[in-house]
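Following: one structure in structure tokens, then a few remarks.
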Amino acid sequence: GRSEAVYGNEEVPIMGIGQGNGLGPTLWCLISTIIFRMMAKAGHGVSMVSALSLTLVQLVGFAFVDDADLFSAGKTAYTTAEVLSVDFQAALHRWTGGLIATGGAIAPEKSFCYLIDFLWTGSTWE
């Protein structure tokens, strides 16, 4: 049968640390750093050479407060947008998995993707 007796109250439990908590930015820094490292180990992100120092720069993304920007780029100049979309979807799944594992989630209504695709004509990029 079903028991009618319950323990506790009917209030929805608080998720996260609460809006406006002073520890929020620090915790997000720690959590996002762990997720970014996980993604870098899996090969997500971009690699580019600095034009001034010729230093190799590798980035997975940026995070600030409770937001994040993720980067993805083709491995060669001939990588198609279709291939890049598949690679980025894998990165997004990994990022989302990291958020879920740490008690977070993606807010679809606040999430966007901007695909920039150029075509090499043999002499110029279009």
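Sequential numbering from 1180 applies to the sequence shown in our numbering.
The beta carbon of each residue, even a glycine, is placed where N, CA and C say it ideally should be.
Everything numeric in this text was worked out from a predicted model, so none of it was measured.
Which of the three DSSP states, helix, strand or coil, is assigned to residue i?
{"i": "Asp1245", "result": "coil"}
{"i": "Ser1211", "result": "helix"}
{"i": "Gln1198", "result": "coil"}
{"i": "Gly1240", "result": "strand"}
{"i": "Leu1263", "result": "helix"}
Drop a sphere of 10 angstroms on the beta-carbon of residue i, count the other beta-carbons inside from all chains shown, and report buried for 16 or more, exposed for fewer.
{"i": "His1223", "result": "buried"}
{"i": "Ser1302", "result": "exposed"}
{"i": "Phe1291", "result": "exposed"}
Ignore the nearest five residues each way along the sequence and tell me which others in residue i's own chain have a CB closer than 6 Å to its CB.
{"i": "Glu1305", "result": "Leu1298"}
By Cβ distance, which residues of its chain are closer than 7 Å to residue i, with the 5 residues on each side in sequence left out?
{"i": "Leu1235", "result": "Ser1226, Val1228"}
{"i": "Asp1266", "result": "Ser1251"}
{"i": "Asp1245", "result": "Trp1207"}
Smallest Cα separation from residue i: which of the options?
{"i": "Gly1277", "options": "Lys1254, Thr1255, Leu1294, Met1218", "result": "Met1218"}
{"i": "Leu1263", "options": "Gly1253, Gly1283, Glu1288, Gly1199", "result": "Gly1253"}
{"i": "Ile1210", "options": "Gly1187, Cys1292, Ala1230, Ala1247", "result": "Ala1247"}
{"i": "Gly1240", "options": "Trp1274, Ala1260, Glu1189, Glu1261", "result": "Trp1274"}
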